[in-house]
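Input: a single structure, listed below in structure tokens.
Numbering (UniProt numbering), first residue to last: 1 to 574.
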């Protein structure tokens with residue numbers, strides 16, 4: 001069963017679970033004893049033989065039952081919270097390790113929905129249904145047993161309800177499962193839409209797309225509405241059938257019981273006890289009928305969560321051959337692409353049999369038209385994707401032989417559109433860094449990255465909140481924070497998607513100076529957008545439609561590569 005597989009992923013608090021089971025059993029046993037005590041008390045009053053001790057005993061047992069039930073209820077909620085914490089922690093630790101290719105094919109909102117809505121569905125099932133199952137079964141079995149002991153003829157009437165209820169529940173449970181699966185998919189898609197719209201709300205407003213996005217949202221909401229109606233229709237069948245059957249049984253028992261009392265074959269106390277047991281049996285039966293429909297509903301959420309857990313993850317710390325993790329930190333070897341081909345999917349071949357070398361501590365610039373595969377080279381170096389054919393080596397060792405975690409520690413990546421996390425300037429500067437840095441380190445990096453001056457102008461300095469994706473900072477400020485973040489890592493390999501083409505002249509000067517500080521003594525690969533960058537590069541690679549058509553210095557390519565010469569003359573760097 002998928003639910004058990006999923007719940008086995010978390011560490012259950014065994015002592016808490018044991019306490020809940022003991023309290024639930026104790027509460028169930030006391031509940032079974034109460035009708036007998038009630039019978040004896042009523043018959044004692046009828047015969048004028050009741051004592052104050054009998055009344056006090058009854059009240060004390062009743063109070064103990066209430067206390068056990070209340071404590072059990074709290075502990076059940078505590079158990080659910082602990083399990084959900086462990087489950088969310090486990091699933092998130094897997095989500096964060098999923099490769100980029102997974103997010104290429106899956107909307108972010110779908111993943112968010114798995115972590116929130118689906119986990120909450122499981123939580124509700126555990127705390128509201130599963131943990132009450134033991135006590136409910138005990139009460140049902142115990143109540144029916146006591147009913148047979150007290151009066152078997154009346155008890156036979158109760159069993160009329162069971163086949164009727166089962167005939168309704170089993171087929172409807174399967175239908176509920178299908179609707180629940182569809183509803184969770186629709187909810188996940190709506191969450192994805194919401195996430196996409198809110199994250200790009202400025203774009204939506206500037207392009208007057210509110211009406212379009214509202215239309216898209218209304219479609220998803222209408223689908224959710226229709227599925228909820230289907231669920232309601234199912235419940236409208238189950239509930240009345242179960243309730244009507246149980247009421248019919250109850251009235252039949254009451255009618256037959258009154259008749260038995262009138263002819264003197266049944267005492268009033270025994271009849272009251274029978275009614276108590278009947279109610280105690282009927283209430284859990286109704287809950288059990290809901291249990292099976294809820295279980296089918298939960299199965300949908302469980303399957304999707306477990307499928308997410310089973311997705312293949314990056315092996316961050318795996319090291320196939322090279323056991324010396326310090327070697328990569330100390331090495332200054334060349335990086336080489338050997339017969340590398342890559343495709344995001346079968347129809348989209350991006351790189352075709354690419355061969356080139358990136359010399360250690362030199363600047364290599366990549367130039368080419370849009371869509372030629374420049375960014376893909378960065379992704380492959382970062383091991384966000386695996387090559388389809390060929391290999392990439394560092395110091396003549398396939399980069400996959402290095403532990404992924406150690407390999408990425410040696411790479412600094414400055415993107416054209418700098419990504420900042422919501423939080424403070426300091427948190428963004430030291431992002432991905434262990435906490436073993438000093439305030440002096442922070443100021444030194446800010447100074448080298450030309451960030452110190454603008455940071456000092458903020459009221460909260462390094463504790464200034466940058467907003468979602470750094471929305472409160474200018475493009476140039478975000479770039480300099482991004483450069484500072486790379487400097488903090490002190491990487492051996494630098495990947496720079498040059499951004500100065502999109503900055504104003506003043507910001508460009510600051511950013512370029514920070515970049516010059518960043519590339520000193522590092523193996524640098526730049527996606528170039530400026531002629532000065534190309535001219536200063538030790539080596540230029542011209543990439544066209546996934547194929548390298550030229551490698552050399554600026555002067556060499558100007559004389560030998562017609563398309564490169566055209567790019568330079570028209571300033572067409574993309």
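Glycine is no exception: its CB is placed at the ideal position from the N, C-alpha and C atoms.
Quick caveat: nothing in here was measured; it's all calculated off a predicted structure.
Any contact of the region 42-61 with the region 117-128, i.e. 3+ C-beta pairs under 8 Å?
-> no
For the 8 Å Cβ check, are there 3 or more pairs between the region 398-413 and the region 443-452?
-> no
Three-state secondary structure assigned by DSSP to residue 430 | In the chain shown, counting from the first residue as 1, residue 430 sits at position 430. Residue state, collapsed to three classes: coil.
Local conformation of residue 345 per DSSP, three classes | The sequence position of residue 345 within the chain shown is 345, counting from 1. Reduced to three states, the DSSP call for residue 345 is strand.
Would you list the residues sitting across from residue 630 in a DSSP beta bridge?
-> In the structure as shown, the chain begins at 1 and stops at 574. Residue 630 is therefore absent and cannot be evaluated.
For the beta strand (DSSP E) that contains residue 46, what are its first and last residues?
-> Numbered from 1 along the chain shown, position 46 holds the residue referred to as residue 46. It is not in any beta strand (DSSP E) - residue 46 instead sits in the alpha helix (DSSP H) that spans 14-46.
Spatial distance of residue 217 from residue 107 (CA atoms) | Translated into the one-based positions of the chain shown, residue 217 becomes position 217. Translated into the one-based positions of the chain shown, residue 107 becomes position 107. Approximately 15 Å between the Cα atoms of the pair.
Is residue 245 helix, strand or coil when you go by DSSP?
-> Here residue 245 corresponds to residue number 245 of the chain shown, with the count starting at 1. Correct three-state label for residue 245: helix.
Measuring CB to CB, does residue 469 end up less than 8 Å from residue 420?
-> Translated into the one-based positions of the chain shown, residue 469 becomes position 469. Translated into the one-based positions of the chain shown, residue 420 becomes position 420. Yes. Within cutoff.
Contiguous alpha helix (DSSP H) assignments of at least 4 residues, all confined to the region 79-122 = 100-105, 108-113
DSSP bridge partner residues for residue 550 (one or two, in chain order) = Stepping through the chain shown from its first residue, residue 550 is reached at position 550. Bridge partners of residue 550: 542.
When the Cα atoms are used, what is the spatial distance from residue 553 to residue 7?
-> Reading the chain shown from its first residue, position 553 is the one you call residue 553. Reading the chain shown from its first residue, position 7 is the one you call residue 7. Using only the alpha carbons, I get a separation of about 60 Å.
Segments of 4+ residues assigned as alpha helix (DSSP H) that fall wholly inside the region 331-384 = 374-381
Are three or more beta carbon pairs between the region 247-255 and the region 96-113 nearer than 8 Å?
-> no
Range covered by the alpha helix (DSSP H) that runs through residue 454 = Position 454 of the chain shown, counted from the first residue, corresponds to residue 454. Its alpha helix (DSSP H) spans residues 452-457.
Inter-residue Cα distance where the pair is residue 444 and residue 415 = Here residue 444 refers to the residue found at position 444 when the chain shown is read from its first residue. Here residue 415 refers to the residue found at position 415 when the chain shown is read from its first residue. Going from the Cα of residue 444 to the Cα of residue 415 covers about 22 Å.
Please determine if the region 4-21 and the region 68-88 are in contact, where contact requires at least 3 C-beta pairs separated by less than 8 Å.
-> yes
Taking DSSP as the reference, what is the three-state secondary structure of residue 2?
-> In the chain shown, residue 2 corresponds to position 2, counting from 1. Of the three classes helix, strand and coil, the one that applies to residue 2 here is helix, per DSSP.
As assigned by DSSP and simplified to three states, the class of residue 580 | Nothing about residue 580 can be reported from this structure: the residues present for the chain run from 1 to 574 only.
As assigned by DSSP and simplified to three states, the class of residue 473 | The residue labelled residue 473 in the question sits at position 473 within the chain shown. In the structure shown, residue 473 sits in coil (DSSP, three-state: anything other than H, G, I, E or B).
How about residue 341 and residue 372: are their beta carbons less than 8 Å apart?
-> If you number the chain shown from 1, residue 341 lands on position 341. If you number the chain shown from 1, residue 372 lands on position 372. Not closer than 8 Å, so no.
In this structure, what does DSSP give as the bridge partners for residue 392?
-> Here residue 392 is taken as the residue at index 392 of the chain shown, counted from 1. DSSP output for residue 392 lists 337 as bridge partner(s).
Own chain, CB closer than 7 Å to residue 557, minus 5 neighbours either side, in chain order = Reading the chain shown from its first residue, position 557 is the one you call residue 557. For residue 557, where only same-chain residues beyond five positions count, the Cβ hits under 7 Å are 540, 542, 550, 564.
Would you mind working out which of 380, 3, 433, 481 sits nearest residue 425, comparing C-alpha positions?
-> Locating residue 425 in the chain shown gives position 425, counting from the first residue. The option with the nearest alpha carbon to residue 425 is 481.
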